[in-house]
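Numbering (UniProt numbering), first residue to last: 1 to 762.
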DNA sequence: GGCCTGCAGCTTTTT
DNA sequence: GCTGCAGGCC
């Protein structure tokens, strides 16, 4: 125990050892959030307050879930496999597989990823002759997902105009189509589980009693449905919900995340303990000052100020480029200098607001011969050839998945044309069955070609009945004709490699999930003998506990297909290479680097112009900027450009308003004159260079700072205005004034010889 | 059935 | 300015 808790700072320790009540932990960037979460779990178990099975820990990404599991097994000598640690979607998948009957799903229901969902909607629009100019598939998808993320079904929605009426109708039809095909989209996983537990009291009570401790990571990213889900799971807070998050890092409003959930949580879960983790273990002082002061411009914050023991470090370097091209060149030139000084390439990150910005930077890096990796892009299971192979597997597991059917019925080409498919569609619609099931109704040439496709699938299933998953995958790659097809293609070598890779992915999956290496990939209907712990409710209905081993609720094949949808795999990032890191600010969240460039800091781009139209849009952009700044450990560069190519046109930009919200004291502006000097003797911007413009303000601030004893970025407390951050200092001697941001009390300028201020936290 | 061309769209992303 | 998709043509 001593071991577990030592090295925690006082706030971390307080959070870890809180009593069994709901609590909100405001965890700043780099404050040891994951450590607190995992230590809390370990502490609860080690002190005997709960058994591992009584814990439910929810994350948003698989990466975060894996990280928690890894750290936990390093801390505790327990088998973590049975623990309920996972993503919202992963946990819901598990619940729905176990209770598939109660959830009115087939045992082998399949999960649509976003691509699949969009194509399913396109298909629906075609089938019902919907004008796709008036109702673009994408808009229909947004409408449906927004509704589901809010926890609302079509039947519960009210239309205010004809357009909305149609949308609701399409939502209804889409749900029917999914039900018929035995598929669920991502939002449906959550909504179905929510409805299942709402409706089924014994089941609900069973899980509520079981999970006495629920821990939530990145709470600021929860959407309305996830919040409702947590309320339900915890029995309105009867179980202790330990929510960890940072309202200042909420950057996913566009996909339904609602920061308001944090405040709602505070009141609805009657939170007695709000703990702020403000000690930062990542960045130097100037970087944190910049972050603190920038974010103090946001309203309605829960309030938080990061501090560090690391010292002020270097001021942030600001560079103005003449064009996006020159911006890229400067970044590369500066990176070269860093690398020459011994910096590892992987410790240099270039962050940007939008993906389109990467092209110019990539080009410059390529020309300079510097290895780099770009985050984002296609993940393994999203590649066309891999999706094709998956579609064959899906048909073997659930032949009623029409999306899978259409994807591969004529790929590789086997003479099944549009006309044939049309006839088949008609038959399927007429009988209200799936395309696969409609094949026997087809006659003539169409019937023959379709019949042989069905035989192919059935044959593969029969042949592989006793096969383990990796062997089954191997057979399908061959029998489908996919390998042969790509062998004839000029550029097919990479695709073949990706396909072969799937056998390895299957091997790895089987061993990681604890299936026997030789366990048959297919599974017959679940027998009672296989069933996990059986619970019989008051009505005599049998409820299975989802704690049963995965292998009794999912065949290796079904589980692998879930895995392919829920964990799309890595992107192409070549691991192992020491390469510079390029990514959007969004994907940088949670990462950290010694050296960080933030590029494209111009009005219209960052903050993005489309954000000014949205409610609180600029505040979200500011949070995004806050995330970007706090990625840097030692050196931070902020770069902007006078001109930039966008949508084929040169745009003339002014620098981002965020520069005006940063403490001049923590910035060092580099001018082209100074830049010439570095290019000459190949020194980086970190060698002492004269301050250029911006110096006057910085000088004023330094004088004021010295004579007042206060520092920009410092957290203060005022008897009337509460807690705040010093944003600016001016004057000298007894005549110093401080501009202080008091959050909800607003920005104040106070005379330091009069105002009674207290230092906070340092 | 595959290739070619023309046109729309263009912020961020995980599951 | 580039990409991705849909529809048309050979």
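Glycine included, every Cβ here is placed at the ideal spot set by N, Cα and C.
C-alpha distance - residue 819 paired with residue 282, whole-angstrom precision: There is simply no residue 819 to check, as the chain begins at 1 and stops at 762 in what is shown.
Alpha-carbon to alpha-carbon, residue 146 and residue 543: For residue 543, the pLDDT reaches just 49, beneath the cut-off of 50, and the residue's location in the model is therefore unreliable, although a value from the coordinates is still provided. Near 32 Å, if we compare the C-alpha coordinates of residue 146 and residue 543.
Closest Cα partner of residue 24 within the set 168, 245 and 457: With distances taken between Cα atoms, residue 24 lies closest to 245.
Cβ separation of residue 39 and residue 8, assumed to be a contact under 8 Å, to the nearest whole Å: Contact between residue 39 and residue 8 holds: CB atoms are separated by about 7 Å, below the 8 Å threshold.
Rounded C-alpha distance that separates residue 110 from residue 559: When rounded, the distance between both Cα atoms is 10 Å.
Within the segment 53–83, ranges of the beta strand (DSSP E) (whole runs, at least 3 residues): Complete beta strand (DSSP E) runs here, min 3: 55–59.
Beta-carbon proximity of residue 347 to residue 595, cut-off 7 Å: Taking 7 Å as the Cβ cut-off, residue 347 and residue 595 qualify as a contacting pair.
Segment contact, 8 Å Cβ cut-off, at least three pairs: the segment 61–77 with the segment 254–271: Touching, no, given that fewer than three Cβ pairs across the two stretches are closer than 8 Å.
Burial state of residue 289, where buried means 16 or more other Cβ atoms lie within 10 Å: Classification for residue 289: buried.
Bridge-paired residues (DSSP) for residue 759: As DSSP reads the structure, residue 759 sits in a beta bridge with 716.
Three-state secondary structure assigned by DSSP to residue 138: The answer is helix: DSSP assigns residue 138 an H, G or I state.
Inter-stretch contact (C-beta, 8 Å, three-pair minimum) for the segment 200–216 and the segment 55–71: With the cut-off at 8 Å, the segment 200–216 and the segment 55–71 touch.
Within 7 Å, strictly: CB atoms of residue 624 and residue 251: Inclusion of residue 624 and residue 251 in the CB contact set at 7 Å is warranted, their separation being smaller than that value.
Cα-Cα separation, residue 763 to residue 742: Look at the range of the chain in this structure, 1 to 762, and you will see that residue 763 is not part of it.
Residue of 522, 116 and 189 minimising C-alpha distance to residue 87: Closest by alpha carbon: 189.
Contact check, residue 729 vs residue 704, beta carbons under 7 Å: Yes; because the gap between Cβ atoms is below 7 Å, this pair is in contact.
Residue 598, enclosing beta strand (DSSP E) - first and last residue: Its beta strand (DSSP E) spans residues 593–598.
Span separating the alpha-carbon of residue 321 from that of residue 639: C-alpha separation (whole angstroms): 7 Å.
Own chain, CB closer than 7 Å to residue 538, minus 5 neighbours either side, in chain order: Note that residue 538 scores 45 on pLDDT, short of 50, meaning its location in the model is unreliable and no value can be drawn from it.
Pairwise C-alpha distance: residue 449 and residue 414: In this structure, the straight-line span from the alpha carbon of residue 414 to that of residue 449 is close to 8 Å.
Beta-bridge partners of residue 751, as assigned by DSSP: 737.
Option nearest residue 763 by Cα separation, candidates 208, 148 and 21: Residue 763 is absent from the model: the chain starts at 1 and stops at 762.
Cβ-based neighbour list, residue 673, same chain, cut-off 6 Å, excluding 5 preceding and 5 following: Here the model assigns residue 673 a pLDDT of 46, short of 50, so the residue's position is not dependable and the matter cannot be decided.
Which listed residue (463, 427 and 716) has its alpha carbon closest to that of residue 307: If we check each option's Cα against that of residue 307, 716 comes out closest.
Residue 12, buried or exposed, once every other Cβ within 10 Å from all chains shown has been counted against 16: Classification of residue 12: buried, given that the 10 Å Cβ count is 16 or more.
CA-to-CA distance, residue 114 to residue 99, given in whole angstroms: Each residue's CA atom was taken as its position, placing residue 99 and residue 114 some 25 Å apart.
Test item: CB-CB of residue 434 and residue 388 under 7 Å: Not in contact: residue 434 and residue 388 (Cβ atoms no closer than 7 Å).
Residue 371, DSSP secondary structure in three states: Judged by DSSP in its simplified three-state form, residue 371 adopts coil rather than helix or strand.
At least three beta-carbon pairs within less than 8 Å, the segment 460–478 to the segment 495–513: Taking a cut-off of 8 Å for Cβ pairs, the segment 460–478 and the segment 495–513 touch, as three or more such pairs fall below it.
Close Cβ partners of residue 679 (< 8 Å) along its chain, the five nearest in sequence each way excluded: At residue 679, the pLDDT of 47 sits below 50, so the modelled position is not reliable; the number obtained from the coordinates is stated separately. If we look at residue 679 and ignore the five residues flanking it on each side, its Cβ neighbours are 333.
Counterpart residues of residue 206 in DSSP-defined beta bridges: Answer is none; residue 206 lacks a bridge partner.
3-residue-minimum beta strand (DSSP E) runs that sit fully inside the segment 608–659, ordered along the chain: Listed in chain order, they are 632–646 and 649–652.
Spatial distance of residue 45 from residue 51 (CA atoms): Cα atoms of residue 45 and residue 51: separation of roughly 6 Å, rounded to the nearest angstrom.
Residue 528 (DSSP reduced to helix, strand or coil): Residue confidence is low: residue 528 scores 42 on pLDDT, short of 50, so the model does not pin down where it sits. No coordinate-derived value is stated.
Buried or exposed by the 16-neighbour rule on C-beta atoms within 10 Å, applied to residue 403: Around the beta-carbon of residue 403, 16 or more other beta-carbon atoms lie within 10 Å, marking it buried.
Anticipated Cβ contact below 8 Å, residue 465 with residue 520, distance rounded: Yes, residue 465 and residue 520 are in contact; Cβ-Cβ is about 7 Å, under 8 Å.
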